[in-house]
Amino acid sequence: MVLLLLFNHELNLTVERIQDKTQIELKLLLEILLSLLKNKLLICTDIHEDELVASNIKINYSIRLATDFKSKKLRINLNVPLKSVERKDIDSFYRTIEEDRKMIIQATIVRIMKARQTLKHTILMQEVIQQLSSRFKPQIPLIKKCIDILIEKEYLERQSDQNDILRYLA
Numbered sequence: 154m155v156l157l158l159l160f161n162h163e164l165n166l167t168v169e170r171i172q173d174k175t176q177i178e179l180k181l182l183l184e185i186l187l188s189l190l191k192n193k194l195l196i197c198t199d200i201h202e203d204e205l206v207a208s209n210i211k212i213n214y215s216i217r218l219a220t221d222f223k224s225k226k227l228r229i230n231l232n233v234p235l236k237s238v239e240r241k242d243i244d245s246f247y248r249t250i251e252e253d254r255k256m257i258i259q260a261t262i263v264r265i266m267k268a269r270q271t272l273k274h275t276i277l278m279q280e281v282i283q284q285l286s287s288r289f290k291p292q293i294p295l296i297k298k299c300i301d302i303l304i305e306k307e308y309l310e311r312q313s314d315q316n317d318i319l320r321y322l323a
């Protein structure tokens with residue numbers, strides 16, 4: 154951790170000085186400091202041990218390295234568990250996954266139809282599910298949506314006399 158390396162040069166640093174030197178976002182820095190304070194690797198005299206919460210650590214507080222630190226454990230886990238990820242990040246992540254899956258499904262449909270030329274709708278659905286089951290479980294409504302998109306893009310067309318048969322357009 155780069156944060157601990159700062160204490161090679163100075164034993165006392167303020168939270169503001171640590172942030173200036175590391176350029177870590179304040180919210181994340183407070184979480185890291187909280188973890189190190191709870192493990193008693195760092196000491197903050199401005200805050201009581203019972204009140205150790207990231208929101209209680211102020212930017213002007215002085216943090217010092219615990220030079221007399223000893224632990225009975227051979228290993229100390231200093232990994233900082235990141236708190237909650239923002240809702241918009243999760244939503245954008247899932248949207249990206251869905252878009253990627255749509256493209257994969259469309260490519261699979263085109264590959265199958267290119268090899269077979271004409272195929273019944275239900276058989277095409279089964280083939281797509283079978284081929285993609287090793288990667289992910291494609292949802293049937295999403296497959297139908299992808300077939301409609303490919304019909305709009307004129308990769309496929311429905312046969313005029315039988316509506317459930319799809320034909321590949323070269």
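Position one of the sequence shown corresponds to residue 154 (our numbering), numbered consecutively onward. Beta carbons are placed, not taken as given, at the ideal position from N, Cα and C, and that holds for glycine.
Query: I'd like the span of the alpha helix (DSSP H) that includes lysine 174, first residue to last.; Result: 168 to 175
Query: Determine the extent of the beta strand (DSSP E) in which serine 215 is found, giving its start and end residues.; Result: 215 to 218
Query: Compute the Euclidean distance between the alpha carbons of asparagine 165 and leucine 181, then round it to the nearest angstrom.; Result: 20 angstroms
Query: Sort out for me which residues DSSP pairs lysine 226 with in a bridge.; Result: Its beta-bridge partners do not exist; DSSP assigns none.
Query: Identify every residue that forms a DSSP beta bridge with asparagine 165.; Result: Arg217
Query: Measure the beta-carbon distance from isoleucine 257 to leucine 285 and round it to whole angstroms, keeping in mind my assumption that it falls under 8 angstroms.; Result: 7 angstroms
Query: DSSP has tyrosine 321 in a bridge; who is on the other side?; Result: Leu309
Query: Distance check for arginine 320 and glutamate 314, CA to CA, integer angstroms please.; Result: Reading off the sequence, residue 314 comes out as aspartate, not glutamate. Answer to the nearest angstrom: the Cα atoms are 12 angstroms apart.
Query: May I ask you to report which of helix, strand or coil DSSP gives threonine 198?; Result: coil
Query: Using the rule of at least 16 other Cβ atoms within 10 Å of the residue's Cβ for burial, across every protein chain shown, is threonine 271 buried or exposed?; Result: exposed
Query: For glutamate 251, tell me which candidate among Lys225, Gln176, Cys299 and Leu159 has the shortest Cα-Cα distance.; Result: Cys299
Query: Should leucine 187 and leucine 157 be called a contact, given that it needs their Cβ atoms to be closer than 9 angstroms?; Result: no
Query: For the beta strand (DSSP E) containing leucine 231, list its first residue and its last residue.; Result: From DSSP, leucine 231 is part of no beta strand (DSSP E); its letter is neither H nor E.
Query: Would you please state the rounded distance, in angstroms, between the beta carbons of glutamate 307 and leucine 322? I believe it to be under 8 angstroms.; Result: 6 angstroms
Query: Can you name the start and end residues of the alpha helix (DSSP H) that lysine 180 belongs to?; Result: 179 to 191
Query: Roughly how many angstroms separate the alpha carbons of leucine 183 and isoleucine 210, rounded to a whole number?; Result: 7 angstroms
Query: Quick check on this structure: which residue in Met266, Phe289, Ile293 and Leu159 has the alpha carbon closest to the alpha carbon of aspartate 253?; Result: Phe289
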